[in-house]
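Take 945 as the starting number for the sequence shown in the working numbering and just add one per residue. Backbone N, C-alpha and C fix where the C-beta goes; we use that ideal spot for every residue, glycine too.
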Amino acid sequence: MRYFRRFRMVFEFAERHLPEPTLPLGFHYVEWKPNHISRHAATKYECFRDEVDSQVFPCLGTQDGCLTLMEQIAGQKAFCPEATWLITHASESGPVDCGIIQGLANSSDAGSIQNVGVTKTFRGLGLGRALILKNLHGFREHGLRRVYLEATAENIPAVELYRSIGFRLIRTTFKQVSEETPASWRD
Ligand SMILES: CC(C)(COP(=O)(O)OP(=O)(O)OC[C@H]1O[C@@H](n2cnc3c(N)ncnc32)[C@H](O)[C@@H]1OP(=O)(O)O)[C@@H](O)C(=O)NCCC(=O)NCCS
């Protein structure tokens, strides 16, 4: 067994200023459409396949696992299209999906971020920040007062990103993960 320390964090709209999201030149937001499930799933896989969270949640380390996860997220009553976004980059060979975020409106006043990720080539350009801000604006327009997320403590880029936007730590938990990845999650 391995134990991962996890941070539960919250962003309260009443407590924090919410800046407008901005994207570098050549990048665009794509709003949610039901036929985008496979685009979100493929981008999620590219973002998470080599990262610590694919050890914490083995489904993030396979294409099938990401597709099943996306179907589960989008199929929930709480699924919030306003908080769910793709970012594409206009390359010479056509648009390339390079970032994703999904949101759930779990109650009348609180939402949660499911997965945020930026593919390796495009990290460090401000896209992670742009995805979170776009998601928070969507949740606020949906009428929510606060947004929760969870992050693996050793995932420094993610934890720093959330802190820099104004998320505060409310709880530390431990997730127990079997060292053996179930065969059903292998490629
Ligand atoms: C976390 C992740 C989404 C950040 O995306 P990104 O586009 O590279 O982040 P940004 O360029 O928007 O950076 C915004 C802030 O995040 C923090 N940050 C980003 N990368 C960092 C790094 N390598 N080390 C420390 N802080 C970092 C900084 O505070 C940064 O602000 P600054 O540029 O003013 O210093 C990206 O690393 C990723 O997709 N990781 C794999 C998937 C994942 O783990 N997702 C989070 C699950 S909880």
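Query: Can you tell me which of Leu1048, Ser1035 and Pro965 puts its alpha carbon nearest to the alpha carbon of Ala1027?; Result: Leu1048
Query: Tell me which residue opens and which closes the alpha helix (DSSP H) that Cys1010 is part of.; Result: Gln1007 to Ala1018
Query: Could you give the distance in angstroms between the alpha-carbon of Ser982 and the alpha-carbon of Lys988?; Result: 10 Å
Query: Considering only heavy atoms of ligand 1, list every residue whose Cβ is less than 6 Å from one of them, following chain order.; Result: Cys991, Phe992, Glu995, Asp997, Val1060, Gly1061, Val1062, Arg1067, Gly1068, Leu1069, Gly1070, Leu1071, Gly1072, Arg1073, Ala1095, Asn1099, Ile1100, Pro1101, Ala1102, Glu1104, Leu1105 and Ser1108
Query: Can you name the start and end residues of the beta strand (DSSP E) that Thr1117 belongs to?; Result: Arg1112 to Val1121
Query: For Gly1072, report the span of its alpha helix (DSSP H) as first-last.; Result: Leu1071 to Glu1085
Query: Determine the direct distance from the alpha carbon of Gly1087 to that of Glu959, and round the result to whole angstroms.; Result: 15 Å
Query: First and last residue of the alpha helix (DSSP H) that includes Pro1101?; Result: Ile1100 to Ile1109
Query: For Leu1004, which of helix, strand or coil comes out of DSSP?; Result: helix
Query: Please confirm whether Met953 and Phe1118 have their CB atoms less than 7 Å apart.; Result: no
Query: Check whether chain D comes within 7 Å of Val1062, counting only Cβ atoms and requiring the distance to be less than that.; Result: Note that chain D does not occur in the displayed structure, where there is just one protein chain.
Query: For the structure I just gave you, are there three or more beta carbon pairs, one from the region 1049-1067 and one from the region 1012-1028, closer than 8 Å?; Result: yes
Query: Can you have a look at Ala1034 and say buried or exposed, based on whether 16 or more other CB atoms are within 10 angstroms of its CB?; Result: exposed
Query: Using CA coordinates, which residue listed in Ala985, Ala1018 and Glu1015 is at the minimum distance from Gly1005?; Result: Ala985
Query: Kindly indicate which residue of Ile1076, Gly970 and Ile1017 has the alpha-carbon position closest to the one of Gly1038.; Result: Gly970
Query: Any idea which residues DSSP pairs Phe955 with across the strands?; Result: Val1091
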